[in-house]
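Asks: Mind looking over this structure? Questions follow.
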Amino acid sequence: MATFGLWYFRWNGEENVSTLGNAENEFGRFFDYAVALPARERVDSGVKELAVYTGNGFNDGRKFAEDIFSTIKSIPVYVAIPYWKSYIPEPRENPKGGNKYWLDWLNGVLSVNSSNLRGFYWSLESAWMFINYYKDVLCNQGQMPYVNPQTIDILSEEIHNRGLEFIWIPYARTYALQNTDIWPRDYPVCGKDWSIPGGSEFFDLVFVQSNYYQCRDWYKNVQWTDEEGKVRTGLSLGEWVDMLTDINRSKNTSNVFVEFECDGRILTGGDDNCSGIWHPSTEYKDRACKYVECSGQFINRAYYFDTNLNNISFMNGYCQETLGERYV
201 MATFGLWYFR WNGEENVSTL GNAENEFGRF FDYAVALPAR ERVDSGVKEL
251 AVYTGNGFND GRKFAEDIFS TIKSIPVYVA IPYWKSYIPE PRENPKGGNK
301 YWLDWLNGVL SVNSSNLRGF YWSLESAWMF INYYKDVLCN QGQMPYVNPQ
351 TIDILSEEIH NRGLEFIWIP YARTYALQNT DIWPRDYPVC GKDWSIPGGS
401 EFFDLVFVQS NYYQCRDWYK NVQWTDEEGK VRTGLSLGEW VDMLTDINRS
451 KNTSNVFVEF ECDGRILTGG DDNCSGIWHP STEYKDRACK YVECSGQFIN
501 RAYYFDTNLN NISFMNGYCQ ETLGERYV
């Protein structure tokens, strides 16, 4: 089994600083690969990715890579290609077809000589990034964020031509996984059927975020219709994983997996992201362990743990004690 840990870096005006400090040895105890990406700041109108942004993709990518590889020196790394600007929630390039900034960023990263570069990570997490593009272009109904699938195809080809991999970690808190852009599908757009490409066609690995940990209250209360036409209330993580597995099987897809999620609420408790209702730490510990219970069949796993490796260490012990299996 291969494990991928998210490692955030934050731009301070001079350099992209590790949020984990110099923790490569400790990080390597848990994870086989690092996904190096900008820290994020969510605002009402979108997301800001806190990495260097000057408008020059090559220089920005080179600077990001220099800072990453001065911290992560031996663990294989997937370096982010940031979708969002750092100071305003807007794309770094024209999402309807521009790709120069992102290609320049890629080449800037590649200009830094590092033997542990494994590939790249596309940072836009929306599992509807293609369908929203089609809706906007065809009938002005698409909502940001989105990106032209051709841009992802171009980036993917360039990365693969270098002998590197391209990965994606989209969020898909939904009971209709079949209607996401994770897999290719035929879908009506503006009154006409279109063949929508899927991320699984462009990316070597896709790790889907259920956001069950952050939004279990949504899962407990959502109303949805099952395959037999029965209206149901509540969706378990196990049912969500089964849906994903069934789609993988029906699409003959072998590169779509699951992201495990936890943060400091396993120790302090806190508000559910969707309901705003406060829950104790025991609730969040059990939420995190559910991923182990429901997703053990996946040979590759990505992990979000905020910016504290102690969260991983604690969950390893807790899941071992309660389930007989470590979290990582």
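Start counting the sequence shown at 201; every next residue gets the next number (our numbering).
Note that beta-carbon positions come from the ideal geometry of N, C-alpha and C, so glycine has one too.
(1) Identify whether Trp-211 lies in helix, strand or coil by the three-state DSSP scheme.
(2) So what's Arg-465 in DSSP terms, helix, strand or just coil?
(3) When you compare only the Cα positions, how much space is there between Arg-432 and Trp-424?
(4) Please report the distance separating the alpha-carbon of Lys-451 from that of Val-406.
(5) Is Trp-440 helix, strand or coil when you go by DSSP?
(6) Going by the DSSP bridge assignment, what does Asp-386 pair with across the sheet?
(7) Nearest-angstrom Cα distance between Trp-265 and Val-309?
(8) Locate the beta strand (DSSP E) running through Pro-238, then write down its first and last residues.
(9) Would you say Arg-292 and Tyr-413 are within 8 Å of each other, going by their C-beta atoms?
(10) Between the Cα of Ile-281 and the Cα atoms of Leu-324, Lys-248, Gly-255 and Val-312, which residue gives the shortest distance?
(11) Which partner residues of Pro-291 appear in the DSSP bridge assignment?
(12) Rounded to whole angstroms, what's the CA-CA distance from His-360 to Ile-272? Just pull it up for me.
(13) Just confirm the distance between the C-beta atoms of Phe-227 and Phe-204, as a whole number of angstroms; I'd bet it's less than 8 Å.
(14) Quick one: give me the first and last residue of the beta strand (DSSP E) that Arg-318 is part of.
(15) Measuring straight from C-alpha to C-alpha, what distance separates Ser-274 and Cys-462?
(16) Is the beta carbon of Trp-211 closer than 8 Å to that of Val-277?
(17) What are the start and end residues of the beta strand (DSSP E) that includes Ser-218?
Replies: For this structure:
(1) strand
(2) helix
(3) 5 Å
(4) 14 Å
(5) helix
(6) Ser-395
(7) The identity of residue 265 in the sequence shown is Ala, whereas the question assumes Trp. Rounded to whole angstroms, Ala-265 to Val-309 spans 5 Å at the Cα level.
(8) 233 to 238
(9) no
(10) Leu-324
(11) Trp-284
(12) 23 Å
(13) The pair is not a contact, with the Cβ atoms about 11 Å apart (cut-off 8 Å).
(14) 317 to 322
(15) 25 Å
(16) no
(17) 216 to 218
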